[in-house]
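Quick note on numbering: the sequence shown equals residues 30 to 1068 in the working numbering.
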Amino acid sequence: SSQSTNQSAEGSKRGSQSYSQSQQGSSKETSQCYRCGRTHDARNCPAKQWECFNCKLKGHVSVMCRNKKKNIKLVETVNNVQCINSIESLKVNEPLIIDLVVNDQIMTFEVDSGASVTVIPKVIFDRYFEKTKLKKEKCNLSSVNGESITVVGQLIVNVCTSKNEIIKLPLIVTENCVKKSLLGRSWLNELFPEWKNIFDCHKIKLECNEVNCKKIEGIKKSNENQVNDIVSEIKLKFPGVVKRLVNEEECIKNHEVNLELRENSVPKFQRAYQVPYALKPAVEEELVRLEKEGVISHVVTSEWASPIVIVPKKNNKIRICVDFKNTLNPYVKVDQHPLPRIDDVFNNLTGGQCFTVIDLSEAYLQLQVASSSRHFLTVNTHKGLYQFNRLCYGIASAPSKFQAVMENILIGLENIQVYLDDIIISGKSIDDCKNKVWLVLSRLQEYRVKINFDKCQFFRSSVVFLGHMIDKHGVHPTDDKMEAILNAPQPKDISQLKSFLGLINYYQGYIPMSSTILAALYNLTKKNVKWIWSKECEAAFKRAKSVLKESQLLVTYNPDLPLILTCDSSSYGVGAVLSHIIDKEEKPIVFASSTLSAAEKNYSQIDREALAIIFGIKKFHKYLFGRKFILVSDHLPLKTLFNQNKNIPVHASSRLQRWAIILSGYDYEFQYRKGSNINNADALSRLPIEGNIDEDLGSIMLVEQLPLTFHEIAKQTSEDAVLKIVCEQVKSGWVGHKNYKNESEPYFRRRSELSIEKECLIIGNRVVVPNILRQQVLNILHKNHPGIVRSKMLARSYVWWPNIDSCIEKYIKCCSQCQLNQNDKSKNDKIFVPWPKSENPWQRIHIDFLDVNKIKLLILVDSGSKWIECWALSNTTAAMVIRVLSRCFCTFGSPEILVCDNGPPFGSKELKTYCINNSIRLLHSPPYNPESNGLAERGVQTIKKILIKSLCNEREITRMQTKIDDILLSYRNTPSADTGCCPAEIILNFKPKTQLTVLKPKIGGNIILEHSAIGKSENFEINENVLVKNPQAKGQKWL
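In structure tokens, the structure reads:
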């Protein structure tokens, strides 16, 4: 009610009587001049040509200026501060006055529908509530010009309603700057709930006759035709911006990216992730396309390498992305070029009535990388190494660099704003907007920038940009920001109700009298109260959501303020809240929730919690991408899995690996909170709105293959065309063998060695591998990069197929890591006397140190069995060396001879004493000739090369030791060229179980364990005295 609002505004400083008298002063009955205030005819007043000092207009003086007097009006909630706004009143009407019974006394209030709380001045409080004690109130009142209004306190009063019911309501007491008692919305909502219907614009019906309707439809159709014509003209006039980018010469003109690294940056070379066999053809095809278009180039060597990840698209194609999380991003310098402020973006669109949004095609890939920086963007694939020639997704500095380039291209154009890969243009009409679009497209075509024509929005009356609706009336928050709360379903049980009440309590500072509004709901949560959802409960539920909507709960997104994303899940829904941190308090920007599908409800708890995070990331991608934010969850295990400073966990489920890759493209800090501290997201997950969760933000495939067993070999053998025939002939005795001069001939020549065991084809003591699994077996044989000879020896113990030796040779010769780390074959002129051959294992051992990534490794090699031990040490003192050797010797016993060089710990008195006490002969190699300790040096060389080949770039001791243990397991179970046996077989006298041992089925049936009685059973006679054990007794155990 604007009338009552103006009335209340004018009446805030003076009473209605003086207000009426002031108006009578300007009537025709008085001779006072309205220009200067003196007594004469206003038509002849000299002030007619004077300028007012107040409003700067001619015709009156400041004393008589009608624009001078401003009156206190409303109370509104802005960021938890109650603002009493000031307005100007040109027309004066009687204020709306109402009498209410408060604490059995009649009090007069002026109705102010703009005030969110009800207030009285201290003078009126002293008159009616002299003996009442005030409670402290943290509510802050301020006028619209920022002047603070002092709050004295608050009291709870009994107010009589029109139905003669007594309700308790809060009353705010202020200093005497507010002259009258103001009845705000806090009381209006309780005393007159239907007062808002007066202002319900949705209930206003416009009468429109048939002629007017036809006119409106004709205007709409004419505008649509005009827009379609302009859009068609764009394709003809600007073909350069629509055409696909196909070569390097069509990158953005006159701009290229230089990547700068921090000081003391260390190159990181990470191994390639495994690609599923079904996707390999598509990956190879995409690599060929990208190389043909100049996006990537093949390279032979590089100090830097990041793994690629595969993103399946909905059209059955793939997208290749790169995981820079632990390679480049920790070292790259991020430019401090700021993203545009939301306020600046919207202010530049003021006055627009027609809008266009242009979406750039493959934005980052249009920007060329300087040749000096391309080696940082090397990627590791199963086809070798490639370098990106263009800026790619996932680099920490990519958003700021691309923003700077686009702002430079569009500099000087008015009513145009660019935010990363989106450009918005506003115009006062379609023609005005067209002219500006022409300027933008001309500039883009000049710099060879390509657009995604299908995703552009041309000449719209309203568009959604950066989460806000923009139209000719200004900028508005979109309705979907509160949709998750307003459309929340009715609680079905106590758990859901408590979650909703937790949400209300989380934002109780924005909801006046929340306990009064929610009284019916709180009663339902009490013990021994039967669950009955009454009309009162439904009314309170709707009322609470309505109050949240009306309050100033949401804040506008601001790139300069810290961001926090809170996510949570339940067994049937997920919820997310995006907030700003303002004055150490979380202020929500937008809410979101969704129900889970039938399949998603079957996810484990950790998967559902991770899905909630992915849901929030996808929902708020426009807000989060390119910004650092805090990611909050109440599931502690995710802190380790989604830790930005750690590698993607290869032992986690493929679903979690995929989501970890998605998160690697964002700059976030993971923060764990208890579930009771994230009631806002918890309530949204327990009261979700209907919807589907789309994970297509990047469905990234990271596969860690399961161990290959003889069960899989048996299955593939039955499906292999050749082996299927061979198995049938083995069973039948090779009838008609003369016809087998084809692919079965190699098997026919060795038919006497063939047998079938558990549906696997066996040749001698080796399993025959089907063609489809041979590549995987080669990967196992060459897992830690043994040489050709050792790989062949390993294969001869477990697997076979025709021409297996040539396959192994070809595979290892094509291994880029093995070729890059070959031994120097130049001859050494030095002549050494060889060590005598050890007669027994563990007779003579050699030890030495190795430095890898600033971590000291102690290496021990047994000369008899070639067994190697390796430990990652925090220091290299003699005490540490003795401690490690003692741990080793307690397992294998002390050797006869210990050979080492002349390093500080090896020449110490402590080590000499230790060797004497354990009857160990300590030998040192000659100074400056470490080659004489050849076996230890060979062990150092072996471990070092295996570490480099295996891309072990860990810098943390525990993780380094884990990697070393995996390498040693493979080495110890690979035959040595010197002994012809595995080191483990010589030392342990049996073959340990490995990935290769499970390929071959056990010959014979399963072992049946015989269970025999342990110990001798006793026979007791009746009435014989016995002792009974009492395990729970603290004293005597036998009774």
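Each residue gets a CB set at the ideal place from its N, CA and C atoms; glycine is no exception.
DSSP, reduced to helix, strand and coil, places Asp352 outside both helices and strands of the structure shown, so it counts as coil. Beta-bridge partners assigned by DSSP to Ala334: Phe298.
One alpha carbon belongs to Ser471, the other to Gly413, and they sit about 41 angstroms apart. DSSP lists Thr203 as the bridge partner or partners of Pro150. For Val304, the three-state secondary structure derived from DSSP is coil. The residue among Gly604, Lys787, Glu285 with its C-alpha nearest the C-alpha of Asn418 is Glu285. Nearest to Asp141 by C-alpha distance, out of Thr68, Trp216, Tyr157, is Trp216. Around the Cβ of Asn1059, a 10 Å sphere holds fewer than 16 other Cβ atoms; the residue is exposed. Residue pairing of Asp880 in beta bridges, as defined by DSSP: Lys885.
According to the DSSP assignment, Ser455 belongs to the beta strand (DSSP E) that extends over 451–456. Contact fails between the segment 808–826 and the segment 778–790, because fewer than three Cβ pairs, one in each stretch, are under 8 angstroms apart.
Annotation for Asp995: no beta strand (DSSP E) segment contains it, though the alpha helix (DSSP H) segment containing it runs 986–1001. Pro428 places its beta carbon less than 9 angstroms from that of Phe654. When DSSP states are grouped into helix, strand and coil, Cys462 belongs to the helix group. The segment 874–888 and the segment 897–907 touch, with no fewer than 3 CB-CB distances between them shorter than 8 angstroms.
Taking the C-beta atoms as reference points, His366 is found nearer than 9 angstroms to Ala433. According to the DSSP assignment, Asp364 belongs to no alpha helix (DSSP H), since it is labelled neither H nor E. Annotation: the continuous alpha helix (DSSP H) that includes Glu757 extends over 750–761. Counting only the Cα atoms, Gly182 lies some 35 angstroms from Lys564. Taking Ser623 as reference, the option from Pro75, Asp612, Ile611, Leu640 with the minimal CA-CA separation is Leu640. Among the bridge pairs identified by DSSP, Lys1058 is matched with Trp1067.
Distance check between Leu1025 and each of Leu783, Val146, Asn808, Ile263 places Asn808 closest, using alpha-carbon atoms only. An exposed status is given to Ser458, since fewer than 16 other beta-carbon atoms sit within 10 Å of its beta-carbon. According to DSSP, Trp829 shares a beta bridge with Val797.
Per DSSP, the continuous beta strand (DSSP E) segment holding Gln134 begins and ends at 134–140. For the set Gln134, Leu198, Val188, Asp450, the Cα lying nearest the Cα of Ile546 is the one of Leu198. Checking the DSSP bridge columns, you'll see Ile817 has no partner listed.
Measuring C-alpha to C-alpha distances from Leu667 to each of Leu685, Pro588, Tyr448 identifies Leu685 as the nearest.
Bounds of the beta strand (DSSP E) holding His953 are 950–953. For Leu607, the closest C-alpha among the options Gly645, Tyr601, Lys192, Ile635 is that of Gly645. In its chain, beyond the 5 residues on either side, Ile387 have a beta carbon closer than 6 angstroms to the beta carbon of Ile452. Its Cα nearest to that of Thr738, the residue Leu802 stands out among Leu752, Asn794, Pro775, Leu802. Between Thr746 and the set Pro933, Ala621, Trp830, Arg687, the nearest pair of CA atoms involves Trp830.
Going by beta carbons, Val324 and Leu394 fall inside the 9 angstroms limit. Each residue's CA atom was taken as its position, placing Pro359 and Gln519 some 47 angstroms apart. Leu396 has its alpha-carbon roughly 12 angstroms from the corresponding atom of Asp450.
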